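Taking our numbering, the leading residue of the sequence shown gets 1326, the next gets one more, and so forth. The beta-carbon is built from N, C-alpha and C at its ideal position, and this holds for glycine as well. No experiment lies behind these values; they were computed from the predicted model shown. Each remark here refers to the structure printed beneath this line.
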Amino acid sequence: MKGTIDSLQVGKPETYMHEGRPWTTAISKRKVEGPLRLLTLSFEGDGQADLEHHGGRDKAVCVYCREHYPYWEQELGVQLTSAAFGENVTLTGLLEDTVRIGDIFRMGTAVVQVSQPRQPCYKLGYKYGRSDMPLLVQNNGYTGYYFRVLEEGLVCPGDTLELLEQSPYGITVAYANRIMHHEKDNVEGMQQLLDVPELSESWRITLRKRISSVT
């Protein structure tokens, strides 16, 4: 199981206006052509505006699949450029239905691990003028996912992501999305997710609360 990095992007928070109100986001990232150093919490030169919901060790690298771009171009009626979803890494070959929570990859000289699906937020809606964007992403499962960094290193566009260790729990990003967004009363499914030690802490908190509310 391998993937290829199509492009790398980083960006710092900037403030925009939406319906007369300012909002700050780092969703507009710039493409980087050369080697980029990946540190424990982020790529050099990257940042987040909302540190409560973005960034941190479990969400150091945001990944999105190039295979989903044609769908969104048709849905939105626009030609998409790199980092259309604010991702750091745009790649091909590692889709949500094959990648597992806990999978470990070599990416350039760095080593990374899948920690959780990316959860779409309202800022995607602001970016494209579509308030239903977060719901669309949840419904079709084209979410992307996050990496935590196990070993720092250099990463370049064109690098191959090589699977070093596959999680034995078998919980794909697609399955995690299904339980989180579509089967909210599935206690067994939520417990399966919680049994994966590499699942991010933020998802663990959400799932524990949800189990408590339905049992």
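Counting along the chain, Lys1452 sits inside the alpha helix (DSSP H) bounded by residues 1447-1453. Cβ neighbours of Lys1356 within its own chain (closer than 6 Å, five residues either side excluded): Ser1332, Gln1334, Ser1407. Per the coordinates, the alpha-carbon of Ala1409 lies some 15 Å from the alpha-carbon of Val1386.
Note: His1343 is bridge-paired with Arg1346 in the DSSP secondary-structure output.
Counting only runs of 4 or more residues that sit fully inside the segment 1446-1500, the alpha helix (DSSP H) segments are 1447-1453, 1458-1465, in chain order.
Gly1478 places its beta carbon 8 Å or farther from that of Thr1417.
Only residues of its own chain outside the window of five on either side were considered, and among them Gly1411, Lys1448, Lys1452 have a CB closer than 7 Å to the CB of Ile1352, listed in chain order. In terms of Cβ geometry, Gly1328 and Leu1419 form a close pair [threshold 8 Å]. Closest by C-alpha distance to Arg1362, out of Asp1383, Asn1413, Gln1404, Gln1373, is Asn1413. C-alpha of Pro1347 to C-alpha of Val1388: approximately 27 Å in a straight line.
Per DSSP, the unbroken beta strand (DSSP E) holding Lys1356 starts and ends at 1355-1357.
As computed with DSSP, Ser1332 is found in a beta bridge with Thr1415. Check the Cα spacing between Tyr1470 and each of Ile1530, Asp1422, Gln1404, Tyr1396: the tightest is with Asp1422. For Pro1442, the uninterrupted beta strand (DSSP E) segment begins and ends at 1435-1442.
With a contact defined as Cβ atoms closer than 8 Å, Ser1525 and Lys1354 miss out at about 21 Å. Annotated three-state conformation of Val1539 is helix, per DSSP. For the pair Trp1397 and Arg1533, the Cα-to-Cα distance works out to about 33 Å.
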